[in-house]
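**Q**
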Ligand SMILES: NC(=O)c1ccc[n+]([C@@H]2O[C@H](COP(=O)([O-])OP(=O)(O)OC[C@H]3O[C@@H](n4cnc5c(N)ncnc54)[C@H](O)[C@@H]3O)[C@@H](O)[C@H]2O)c1
């Protein structure tokens, strides 16, 4: 029961295939009490049903494009967990389907910023809102998921946040995952090709699944990783190590 007595907020569950849900299941199995956010009424029912499976005390709406939403949600989590929080899972990303199909060159400015706003800036907003709650517990851990076009911004934000928050014993890390069949993945044209390439070229010649990411996130969020911050852990069957 590695997470006994710990509390966490999980952003990014859409359904049972979501990477965020695989992480949440791990944390809950380890004894964590978890709050969840959902984006939009369309997925509210899914998230409420899943959250009930782990006896969640809080399920609340959050659109990470809204600073008001982010501040409110962390306030609600603080209220649900006696003013403190130990763990934050940021597993949120968005890019318009048309920009995942066509030429990157054709991405219009507004949709480029939208992708960066939801997928990268939201980590900064969440970290800021989480800081006092994590500090109240003597420190804590934030984990985020890398996302295509926002990867460089996230990579660098993780490092800057790790520096800012490290003095409060708050750790910030990222996971870079190989392809996993989730709701978001469905809108990526060429996803089956990506899977085939991993199988052919990754050193381990096999796919990962959401549970692999759940295990990696649980490690980064646990006290076992107490001296790990500002880093990206690759869960991709070694694909990132191949230069050809
Ligand atoms: N599935 C993959 O192959 C894969 C690979 C590498 C990284 N990732 C990353 O994993 C993370 C989770 O994605 P997933 O694959 O589990 O898909 P998913 O569709 O299950 O999760 C994405 C979540 O982002 C949320 N979201 C989108 N816009 C939002 C907004 N404005 N406000 C709040 N929430 C919003 C959605 O509601 C959804 O819950 C993403 O960061 C993604 O880039 C996925």
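Numbering (the numbering used here), first residue to last: 1 to 244. Ideal Cβ positions, reconstructed from N, Cα and C, are used throughout, including at glycine. In this text, all values refer to a predicted model and were calculated from it rather than measured experimentally.
Pop quiz: residue 242 and residue 202 are said to be a contact at Cβ under 8 Å. What is the actual Cβ separation, rounded to whole angstroms?
**A** If you number the chain shown from 1, residue 242 lands on position 242. If you number the chain shown from 1, residue 202 lands on position 202. Yes, they are in contact, since the Cβ atoms of residue 242 and residue 202 sit about 7 Å apart, within 8 Å.
**Q** Rounded to whole angstroms, what's the CA-CA distance from residue 57 to residue 116? Just pull it up for me.
**A** Translated into the one-based positions of the chain shown, residue 57 becomes position 57. Translated into the one-based positions of the chain shown, residue 116 becomes position 116. Their Cα atoms are separated by approximately 31 Å.
**Q** Three or more C-beta pairs under 8 Å: does that hold for the stretch 9-25 against the stretch 42-54?
**A** These segments touch.
**Q** When DSSP labels each residue in this structure, what does residue 134 get in the three-state scheme?
**A** Stepping through the chain shown from its first residue, residue 134 is reached at position 134. Residue state, collapsed to three classes: helix.
**Q** Can you tell me whether DSSP reads residue 166 as helix, strand or coil?
**A** Position 166 of the chain shown, counting from 1, holds the residue named residue 166. Here residue 166 sits in helix by DSSP.
**Q** Under three-state DSSP, which class holds residue 189?
**A** As a first step, residue 189 is located in the chain shown; it is residue number 189 there, counting from the start. Correct three-state label for residue 189: coil.
**Q** Could you give the first and the last residue of the continuous beta strand (DSSP E) run that contains residue 208?
**A** Within the chain shown, numbered from 1, the residue matching residue 208 stands at position 208. Note, residue 208: premise wrong, no beta strand (DSSP E); not H, not E.
**Q** CA-CA distance, residue 45 and residue 132?
**A** Here residue 45 is taken as the residue at index 45 of the chain shown, counted from 1. Here residue 132 is taken as the residue at index 132 of the chain shown, counted from 1. Each residue's alpha carbon lies about 30 Å from the other.
**Q** In chain order, what residues of the same chain lie with their CB nearer than 6 Å to the CB of residue 24, ignoring the 5 residues before and after it?
**A** Position 24 of the chain shown, counted from the start, is the residue given in the question as residue 24. Closer than 6 Å at Cβ, skipping near neighbours: 10 and 34.
**Q** Specify, as a first and last residue, the run of the alpha helix (DSSP H) that residue 93 falls within.
**A** Taking the first residue of the chain shown as 1, we reach residue 93 at position 93. Per DSSP, residue 93 belongs to no alpha helix (DSSP H) and is neither H nor E.
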